[in-house]
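Residue numbers -19 to -1, 1 to 442, in mature numbering (1 follows the signal peptide of the UniProt record, and there is no 0), belong to the letters of the sequence shown in order.
Here's the structure we're looking at; comments come further down.
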Amino acid sequence: MLGFLKTLIFFAVCHRIGGAMLPRLDSEPHLVQDSSRTLSDLDHQVVPSNAVDKYEYGIALDGSFEKKAEGEIEVGNGSMAKNYQTDPLDPKTKAEFSQLANQVESLRGSLKKQHGRSSEESRVIWKSLQMKLTEFKVSQKEHPDPTKAELQLDFLKSLFSLASEIRSFRMVPSHDIEDSKIFQPNFILEMVEFHMDLLFLKRGPRFFDSPDSVIPQEEFMRNGLAFKHFHEFIRFLPEEDKKKLVYMALRSTLLHMPECFPQENQLGHVTPTIRQLFLPTGFLQQADRLTANVKLTGALDMDRRGDDFEAVHLISYLINYFRFPSSEGAQKRIELQTVFYMLEFFEDYYKPLMEGIFASREDRPLFEAQLQFMRGYLKYFRNRDQYPKNFYTQSSILFSYMAHSPALQYRALRPWVEEFILRTFEHDSWFKFPLSYPATPEEKFTIWMGKVSDQKAFLLS
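Listed below in structure tokens is the structure:
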């Protein structure tokens, strides 16, 4: 009887506050036209070394992040197929990066002393540092070198951090800011892409469960600690470029995924399918044209066929997969989240196209409930160390209420959670004990929802 009363109280309270909780991320659609700019193909081939450190950190068969004994390699629900280690840097390269770091700090000191004015010498150094970043990007595209990835990533972060200070504190005249390449939207997008490229080179097959990993979501890129050096720049991006930013992050993730999971049966059938439809050049332009046509005519001809309709085929495929996720592949939790972030992208930036597709379906209410549930579930559990404390100002357990609610709009959600979500993430403690679950989770997860059993080892990895 006491348990029954607790349950009634739980649902009553959640029902009262449910409407105010878990606001939809970027719920307003951004309907903009893509430019003719073609995003470069960064499908690098990363060749992991077979060398094994004394202690290797990886993902266990149960998905937990823990210390591995020497020579031990496991492939399961985690992400590590091979140990990954880069050769040490040669002294000449180390000296080059040390000199660059000194130049950045020296320039920062000089600009602070100039009080909003800039000397010709400072302008020359500032321009040369930006050119160096471009040189690194071109070099890594032509000849990927994992040994230099970490130092190049550090240089990128330090340069963008300095640029953020320059704009925030008006350390140089306005015309110098306007003329600086680093503040131009196209350059910012290229460097975000380069950042992800370097992370894949640095981490190899460990990318998805490393502490500095990133997810292809605008909210994360605006708030995540791993993207702190980009926050100021993303905030000033036009909405059209924010759309390109998320697309580029999704594209980079899909481009590199086979490198991270090269062994047979690590990935299911969904990844090759969405790569084939999403990665071709011109996809955004196609989606923009279809969206503009739906806005003009008020409908979408679902019987239409042709290459220009591949965006519709992809979205329909993603919706169906999200409804019935596959149990294939050891990396099904990574694949399901990738599908979710893609659907979130289309929901945020191509709302008319989504509405046109659902006009011929009857599962729009269930899809919206599933999307809202997944947003809340991931936001509550995934690596909280990546977000500022004020990010969790509102209660974030609405997803649990939704999964247990007898309300009509959520009635079909519970079977989906039980059959697919609990199995995919191998995580059911929140579902078994909804009344006793804390406002802050006790379990630790990576940003891609890998279980972390040793927090210290994870942060040091």
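We put the CB at the ideal spot given by N, CA and C, even for glycine.
Computed from a prediction, not measured in an experiment: that's the story for all the values here.
In the three-state reduction of the DSSP assignment, Val227 falls in the helix class, which pools H, G and I. If you look at Asn371, you'll find it isn't in any alpha helix (DSSP H); DSSP assigns it neither H nor E.
Short of 7 Å from the beta carbon of Leu295, and not among the five residues preceding or following it, lie these beta carbons of its own chain, in chain order: Ile255, Leu258, Phe259. DSSP places Lys432 within a strand segment (E or B) once states are collapsed to three. Secondary structure remark: continuous alpha helix (DSSP H) runs of at least 4 residues inside the region 379 to 406, in chain order: 379 to 385, 394 to 397, 403 to 406. By the Cβ neighbour-count rule, Asn83 is exposed, with fewer than 16 other Cβ atoms within 10 Å of its own. Sequence-distant Cβ neighbours of Glu291 in its own chain, meaning closer than 7 Å and more than five residues away, are Leu258, Gln267. Cβ atoms of Leu140 and Leu110 come within 8 Å of each other, at about 6 Å. Comparing C-alpha distances from Glu400 to each of Val251, Pro419, Arg304 shows the shortest one belongs to Arg304. Looking only at His156, Met202, Ser308, the smallest Cα-Cα distance to Leu170 is reached by Met202.
Straight-line measurement puts the Cα of Leu277 at about 15 Å from the Cα of Ile338. In this structure, the alpha-carbon of Glu131 lies about 13 Å from that of Ser191. Per DSSP, the beta bridge partners of Phe426 are Lys432.
Ala292 sits in a helix when the DSSP states are folded into three classes. When secondary structure is reduced to three states using DSSP, Val251 falls in the helix class.
Contact between the region 158 to 169 and the region 203 to 222 is present: three or more C-beta pairs spanning the two stretches fall below 8 Å.
Residues of the same chain with a CB within less than 6 Å of the CB of His210, apart from the 5 flanking positions on each side, are Lys138, Phe141, Ser142 in chain order. Here DSSP, grouped into helix, strand and coil, assigns Gln244 to coil. Boundaries for Leu281: no alpha helix (DSSP H) harbours it, and the DSSP string shows neither H nor E there.
In this structure, the straight-line span from the alpha carbon of Ala340 to that of Met323 is close to 20 Å.
A direct Cα-Cα distance of roughly 19 Å separates Val433 from Cys241. Beta-carbon to beta-carbon, Val173 and Glu199 are separated by about 11 Å, too far to satisfy the 8 Å threshold.
Bounds of the alpha helix (DSSP H) holding Gln351 are 345 to 362. In terms of CA proximity to Val275, Glu336 leads the group Glu316, Ser307, Ala311, Glu336.
Of the residues Arg151, Val251, Asn246, Lys332, the one whose Cα lies closest to the Cα of Gly279 is Lys332.
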